[in-house]
Every structure is written in structure tokens, then in C-alpha cells.
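Numbering follows the UniProt record's numbering, in which position 50 of the sequence shown is assigned residue number 50; successive positions increment by one, without gaps.
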Amino acid sequence: MTTNTQNATNTQNTTVMVTGASGRTGSRVAQSLGAAGLDVREATRSRGFDWEDPTTWAEALRGADAAYLMYPSDVGSPAAAEGVGALAREAVGLGVRRLVLLSARGEDQALPTEEALRSSGADWTVVRAAWFAQNFSEGPLADGLREGGELVFPAGEVEEPFLDVRDIADVVTAVLTSGDRYAGQTLELTGPRLLSFRRAVAEVAAATGAELTYTPVPAPAYGEALTGFGVPREEADLLIEVFETLLDGRNAHLTDTVQDVLGRAPRDFADFAREASAAGAWKA
1 MTTNTQNATN TQNTTVMVTG ASGRTGSRVA QSLGAAGLDV REATRSRGFD WEDPTTWAEA
61 LRGADAAYLM YPSDVGSPAA AEGVGALARE AVGLGVRRLV LLSARGEDQA LPTEEALRSS
121 GADWTVVRAA WFAQNFSEGP LADGLREGGE LVFPAGEVEE PFLDVRDIAD VVTAVLTSGD
181 RYAGQTLELT GPRLLSFRRA VAEVAAATGA ELTYTPVPAP AYGEALTGFG VPREEADLLI
241 EVFETLLDGR NAHLTDTVQD VLGRAPRDFA DFAREASAAG AWKA
């Protein structure tokens, strides 16, 4: 990739492979990169890319200048460390050295995956994200709020600096349009304030006008519920382990990283809730 004296990347004819481009973060990353003038190569199963099939990787990587890596299920799984490491080494071998990994802030289980990227020979950046605001509006947690008016989750009363996924996307774009400024760095992203899950649900309720409740449960009980919904036992056990460690208050503090990278404050959860409500996120 070409850089000038200000250490910014010339985005013309720059191609970024985006894994999970149809998902919660990847779709926003693809949109943000496109708006910045970069060419986006969507690496999804519908386009022939499969994390579980290494024979599909080269076609997605070949000719790209950079890649955004989002491992499905959980970045803390043993399969994530193996898959990210193998893909990163293949990317470097194909000349795709600039790699950005989405990781989870405070998740000890994700550290082997981060190390696999760092040891690949890539010009890497790790983006450690706080809990997504959009987890309340998309996916199984949103289904509970929408269909039953209740969020059942093993978070107790811990506070979390909920982060808008659009801020993740904008940070990834800034990283990939700033030359090597953020190469070799780990960026911890948070929202602008701390909220308990109970308070977050209350802010969703205020935005929607609906009566919504939050019910904390022990992590093992939540894991049993997951298996009842069809989540494989191995994946459920990993999530129990993650929730029991990640949701212990270790993330109950803010960082200035979004402000430092983007030159603006991160989006606030109340603004997210109002916008998502207006878009119909919680309508049955």
C-alpha cells in the first residue's frame, strides 16, 4: 500500500477483503470502507469463502491489499486461534500483509488468537471492542426483547461501556487509510459512558415506549438455555466460560481510543436506541 509523508494511505485502487461482510460488524465495515473510497471484497459463504475450508481462502485474498478478519462464533475459541493464524500466514504469503483483527476487550480466551495474528508476519492491528450496542437490536438478545419483552442474560449488575458497531467500522477504516500509523498496535474501543445491562434495557424501553425487563441469571443456567435453543454443547461451554470471566467488572472503565483515532466522541447508547427504535428494531 502506498503512503505519503503524512502517513496516510492512497485509497485509490485499494482492495480490502472483509470477512463476515454480511454480519453485524462486517457489513458496517464494508459500508464505511466503501464510503472512504476503498474497494471492498466481501468474503462470505455466499461468495465462496469459508473459514472452515482453507481451500477457499486464496481466491478471496489474492490481489487484495488488506483484510478485515472477524472470526464467527467467538474470537476466543481454539478454532479461532488456529484459523486466524493459518489465514494470516496465507495472506502474508500472497502479499496481503495489512491485517486488522476484531477481538474482544477483556476476553482472556481471545489472547491466543491475537498472538496467532501477531506471529504471522503480517502488519497487524488488533481492535478490541467493548460489548456491541447492536447486540440489543440484532440477534438473539433482540429476539428476547422483541418477542417476550425481556432480556435474560448472565451479566448481573456489572457496568459495560457499550460500543456502537458503526464506531468500530469507522476505526477500522481509519486504520486502513492511515498507512502504517496503527500497524503493530492494539486498540481498545469503548462507548462514551458506563451502563449496566439493566440500565441499557431501560434506555431501550424509553426509546420504544414498551415495557421491557432485564433478568440476570447465572452463566451455567444461561448455557443450558443455549443448548436448549440448539447451540452445540462445546460452543455453549465456551460461552459460559467467557461470560463468567468477561462480565466480572474488568471492562467497567472507558478508553479515549475512538476519540483519538476519529477525532470525535463515540456514539452514545441512548442515540443508538432512539435510531434503532425508529428503524423498527424492536417491533414484533
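Where a beta carbon is used, it is the ideal one built from N, C-alpha and C, also for glycine.
Counting only beta-carbon separations shorter than 9 Å, does residue i have a partner in chain C?
i    : result
F269 : Considering every chain present, this structure includes no chain C. It has just one protein chain.
I'd like the list of long-range same chain contacts for residue i, defined as Cβ closer than 7 Å, with 5 residues on each side in sequence excluded.
i    : result
R62  : L94
T245 : D108
F272 : A133 and D164
R233 : T227
Beta carbon of residue i, beta carbon of residue j: below 9 Å?
i    : j    : result
R41  : A64  : yes
L212 : V204 : yes
M17  : A43  : yes
P154 : F229 : no
A122 : V152 : no
W51  : Y71  : yes
V242 : E115 : no
R105 : R128 : yes
A219 : L247 : yes
So, under 8 Å CB-CB, residue i and residue j are touching, yes? Tell me the CB distance rounded to an integer number of Å.
i    : j    : result
A60  : F49  : 5 Å
S196 : E157 : 5 Å
Q109 : G76  : 3 Å
Q259 : A169 : That belief does not hold up - the Cβ atoms of Q259 and A169 are roughly 16 Å apart, past 8 Å.
F162 : A130 : 7 Å
T113 : A88  : Contact flag wrong, Cβ pair sits at about 10 Å.
D74  : L238 : 6 Å
L111 : L99  : Wrong, their Cβ atoms sit about 17 Å apart, outside the cutoff.
A284 : R146 : 6 Å
Check for me: the alpha helix (DSSP H) holding residue i runs from which residue to which?
i    : result
T113 : L111 to R118
E244 : R233 to L246
L176 : V165 to L176
A79  : P78 to G93
L141 : P140 to G148
S27  : G26 to A35
E59  : W57 to L61
What does a CB cutoff of less than 6 Å around residue i pick up in its chain, not counting 5 residues either side in sequence?
i           : result
R274        : A207
D268        : P192
G223        : A236 and I240
Y182        : T125 and V175
residue 285 : The structure shown has nothing for residue 285, since the chain only spans 1 to 284.
R199        : none
T5          : Note that T5 scores a pLDDT of 33, beneath 50, so its modelled location is shaky and nothing firm can be said.
V261        : V171 and A174
Excluding five sequence neighbours on each side, which residues of the same chain lie with their C-beta closer than 8 Å to the C-beta of residue i?
i    : result
A142 : N135, F136, A281 and W282
A252 : V158, E159, E160, P161 and L194
R28  : V165, R166, I168 and A169
L38  : T11, T14, T15, V16, T173, L176 and T177
T257 : V171, L187, E188, L189 and T190
V150 : Reading off the sequence, residue 150 comes out as Glu, not Val. For E150, where only same-chain residues beyond five positions count, the Cβ hits under 8 Å are G144, L212, T213, Y214 and T215.
T56  : G48, F49 and D50
S22  : E42, T44 and S46
In the DSSP assignment, find the beta strand (DSSP E) that holds residue i and state where it starts and stops.
i    : result
E275 : It is not in any beta strand (DSSP E) - E275 instead sits in the alpha helix (DSSP H) that spans F269 to A278.
D123 : D123 to A129
A252 : From DSSP, A252 is part of no beta strand (DSSP E); its letter is neither H nor E.
A66  : A66 to L69
L102 : R98 to A104
D39  : D39 to A43
T15  : T15 to T19
Would you list, in sequence order, the uninterrupted beta strand (DSSP E) runs of no fewer than 3 residues that lie entirely inside the region 178-225? 185-189 and 213-216, all fully within the region 178-225.
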